[in-house]
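Asker: Offset between the sequence shown (1-based) and this note's numbering: plus 1047.
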Amino acid sequence: MSKILIVIGGNSTLSQALLENTETRQMYYQYILFSTQPLRKNRKFILATDLVQLYNGTQDLITKIKIILTNNHEAKATIVFAATPSDKNLYSSSKIMKNAIESVISQTLMKSEEHVKYYIIGSSLAVVPMLNNSHYKRIKRLELDLFSLQSATNHSTKYVMVPPIKPALGMLANLFSTSLDEMAVQLNQSFAQNGSDQKYLIIGNKFTKFVTHIFLFHYLLTRGKT
């Protein structure tokens, strides 16, 4: 069965890393990027055969994805949500804040479909209690909370906890950071094993995964999910 990859967050660095990855290009026959604004001019990884769609708000995104899935009903689809900017300076813009929150809302409204897998690109920061309480962290925590509430009944969605992107600001962040290329490799491995029962996937080196597992366990325990 043929496969398509849909990424919400066409301007994200992660979408670039995925589409520049040879394994990704070999796994899927069609690549569709969604963005709330035109892609930046340096998006050289976009091929002529790739489809780029702009959307305006939650309902518009859901409608356009539904049309794509209907038109490709015989294909397996991997849908990746990566539309939350990690740059804290961007959240001074009310538009950026609105788009980030709407992306989180969109994830909760996606219906389970046969042959469709959803991946929410979250952040390990969401489960670390002692670090900064920025707008980005609050949005990622909201995203994680909503996923946790729905996970018992939604078996087609997985939450991916990614560490800071290397190079990161600060010695501690760099200790936990992972390169974009390595993130793309590990994500592709997760896509290939989409039949796994794991709801939470952790990206990073062995040390990062170990520490994040501890924080995730504490988060789930305090929510009564373990």
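Glycine is no exception: its CB is placed at the ideal position from the N, C-alpha and C atoms.
All values reported here derive from a predicted model rather than from experimental measurement.
Do the segment 1224 to 1232 and the segment 1180 to 1195 meet, that is, are 3 or more Cβ pairs less than 8 Å apart?
Answerer: no
Asker: Sort out for me which residues DSSP pairs Gln1100 with in a bridge.
Answerer: Phe1081
Asker: Let's test the definition: count the other Cβ atoms within 10 Å of the Cβ of Phe1223 and tell me whether it reaches 16, buried, or not, exposed.
Answerer: buried
Asker: What separation, rounded to the nearest whole angstrom, lies between the Cα atoms of Ile1250 and Arg1270?
Answerer: Here the C-alpha atom of Ile1250 lies approximately 22 Å from the C-alpha atom of Arg1270.
Asker: DSSP puts Thr1225 in a beta bridge; with which residues?
Answerer: Thr1225 is bridged to Ile1212.
Asker: Would you check if the segment 1146 to 1163 and the segment 1124 to 1136 touch, i.e. whether three or more CB-CB distances between them fall below 8 Å?
Answerer: yes
Asker: For Tyr1076, is the classification buried or exposed, using 16 other Cβ atoms within 10 angstroms of its Cβ as the cut-off for buried?
Answerer: By the neighbour-count rule (16 or more Cβ atoms within 10 Å), Tyr1076 is not buried but exposed.
Asker: If you check the beta carbons only, do Lys1111 and Gln1100 fall under 7 Å apart?
Answerer: yes
Asker: Taking the C-alpha atoms as reference points, what is the distance between Tyr1029 and Leu1116?
Answerer: Residue 1029 falls outside the range modelled here, since the chain spans only 1048 to 1273, and no answer is possible.
Asker: Kindly identify the DSSP beta-bridge partner or partners of Phe1128.
Answerer: Answer is Ile1055 and Ile1167, bridged to Phe1128.
Asker: If distances are taken between C-alpha atoms only, which option among Thr1096, Glu1067, Met1074 and Gln1063 comes closest to Leu1086?
Answerer: Gln1063
Asker: Return the chain-ordered list of same chain residues with a C-beta closer than 8 Å to the C-beta of Asn1058, the five sequence neighbours on each side being excluded.
Answerer: Ser1082, Gln1084, Leu1086, Arg1087 and Arg1090
Asker: So, for Phe1254: in the same chain, excluding its five sequence neighbours on each side, which residues have a beta-carbon less than 6 Å away from its beta-carbon?
Answerer: none
Asker: Quick one: residues in its chain with C-beta nearer than 6 Å to the C-beta of Ser1049, no 5 flanking neighbours on either side, listed in chain order?
Answerer: Closer than 6 Å at Cβ, skipping near neighbours: Tyr1076 and Ala1122.
Asker: By the three-class DSSP mapping on this structure, what secondary structure does Val1175 have?
Answerer: coil
Asker: Where Asp1097 and Tyr1078 are concerned, what is the direct C-alpha to C-alpha distance, given to the nearest angstrom?
Answerer: Tyr1078 has its alpha-carbon roughly 5 Å from the corresponding atom of Asp1097.
Asker: State yes or no: is the C-beta of Val1174 within less than 7 Å of the C-beta of Phe1238?
Answerer: no
Asker: Tell me which same chain residues have a C-beta within less than 8 Å of the C-beta of Gly1104, skipping the five on either side of it?
Answerer: Glu1149
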